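Numbering (our numbering), first residue to last: 2 to 364. We put the CB at the ideal spot given by N, CA and C, even for glycine. These figures come from a predicted structure and were not determined experimentally.
Shown next, in the form of structure tokens:
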């Protein structure tokens, strides 16, 4: 659907939106994630109405022309082929962490999925999901609230047909959680991945606690896993951790790159270091470093208006509207309010369980 929106509507010709935004001195982009799709334009504040008018028309009245769909199918097939050439280790981990869930399926899908998808199916999906009640419009910049509300209401108003009922999509079988071993062409060394299901995006405090845990465990040369296994012992060439939230549920990941014969020795050390977080506590020095790192990451990620708009829009979509109005103080304030005890408790709750494991070896 993301591709077809840019193919225009009855009032907007294919390519017209991009040209209009460029003529304003702006840029446009779109991205599809596992639980949302984002369409964005960055323009001077004086041209905001132009961008909003185009977006409103294209999103709510997408043409879905069969000929244009034929062109886009070819483009998507190329994207699927390109994605197939990349190591699919992370996707395998997500399938193990969320068997049968949205995370378990690749966003692009397969060529077989594409063959089954018809213009009528697209229309049904569009009629069901591309409606104002399912959308969040986030506008960031030097423009008044009253003017913004007026422009958004005008751009996204209209007499829409009744919501459609799209055909249910049957998820393909997914491997159960546990341990998987893959042989992946293109890998130069072995990879070892651990994954745990975490809190969904509408539990931001728990998610923030896992972000702090990640900073202590595997982000930066002073973090526990990196300092021990890479810097001091040299057992891995790379290791790190990350927590990524989504509406279905977040995922906490440990990823190591290492020689295959090192894995039997590395695995128990990683388990021991993870458990030390809630068994032995967090030292004051690493606690302050983790909080400082998160604040800095957040500040740097919000420098661009398009980044901020994407962040705020997604948070509202995820059910976090109450704190979005004061976002610049709320998030750093939560970091200041966090305690090591709380982070330890949340980490044990989610990371104390058995992880999904994917071992990937060069072909």
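In the displayed model, residue 40 falls within a strand according to three-state DSSP. Counting of Cβ neighbours within 10 angstroms places residue 20 among the exposed residues, the total staying below 16.
One Cα belongs to residue 147, the other to residue 105, and the distance between them is close to 42 Å.
Residue pairing of residue 362 in beta bridges, as defined by DSSP: 184. Within a 10 Å sphere around the beta-carbon of residue 13 sit 16 or more other beta-carbons, which makes this residue buried. The region 310-329 makes no contact with the region 255-275; the number of CB pairs closer than 8 Å stays below 3. Here residue 157 is not near residue 9, since their CB atoms are 8 Å or more apart. If you look at residue 219, you'll find it in the alpha helix (DSSP H) that goes 205-219. From the listed residues 361, 357 and 317, the smallest Cα separation to residue 37 is found for 317.
Residue 196 sits buried, since 16 or more C-beta atoms from the chains shown fall within 10 Å of its C-beta. Counting only unbroken stretches of 3 or more residues, the beta strand (DSSP E) elements lying wholly within the region 18-88 are 28-33 and 38-43, in sequence order.
For the 8 Å CB-CB criterion, residue 80 and residue 15 do not form a contact. The straight-line gap separating the alpha-carbon atoms of residue 272 and residue 199 is approximately 18 Å.
Non-local beta-carbon contacts of residue 59 in its own chain, meaning distances under 7 Å to residues more than five positions away in sequence, involve 6, 9, 10, 13 and 18 in chain order. Residue range 264-280 is occupied by the alpha helix (DSSP H) that includes residue 268.
Secondary structure at residue 240: strand, using DSSP grouped into helix, strand and coil. Within the same chain, and ignoring the five residues on either side of residue 253 in sequence, the residues whose Cβ sits closer than 6 Å to its Cβ are 197, 199, 211 and 244. Here residue 124 carries a helix assignment [DSSP, helix/strand/coil].
Within its own chain, the residues whose Cβ lies closer than 6 Å to the Cβ of residue 180, once the five positions on either side in sequence are excluded, are 358, listed in chain order. Comparing alpha-carbon positions, the option among 364, 361, 356 and 331 lying closest to residue 97 turns out to be 356. Residue environment for residue 304: exposed (fewer than 16 other C-beta atoms within 10 angstroms of its C-beta). Residue 113 and residue 45 have their C-alpha atoms some 42 Å from each other. Contact between residue 283 and residue 344 is confirmed by a C-beta separation of about 7 Å, below the 8 Å threshold. Straight through space, the alpha carbons of residue 237 and residue 136 are spaced by roughly 44 Å. The continuous beta strand (DSSP E) containing residue 256 extends over residues 251-259. DSSP places residue 335 in the helix class (H, G or I) of the three-state scheme. Distance check between residue 263 and each of 312, 278 and 192 places 192 closest, using alpha-carbon atoms only. Straight-line spacing of the CA atoms in residue 61 and residue 41 works out to 15 Å. Ranking 308, 31, 346 and 127 by CA distance to the CA of residue 206 puts 346 first. In the displayed model, residue 139 falls within coil according to three-state DSSP, outside both helix and strand. Judged by DSSP in its simplified three-state form, residue 10 adopts strand. About 31 Å separates the Cβ atoms of residue 126 and residue 24, ruling out a contact at the 8 Å cut-off.
Judged by beta-carbon spacing, residue 103 lies beyond the 8 Å limit of residue 287, meaning their Cβ atoms are not closer than that value. The beta carbons of residue 53 and residue 152 sit about 5 Å from each other, so the pair counts as a contact at 8 Å.
By the criterion of a C-beta distance shorter than 8 Å, residue 215 is surrounded in its chain by 242, 243, 244 and 253, once the five residues flanking it on both sides are discounted. Exclusion of the five residues before and after residue 123 leaves 65 as the residues of its chain whose Cβ lies within less than 6 Å of its Cβ.
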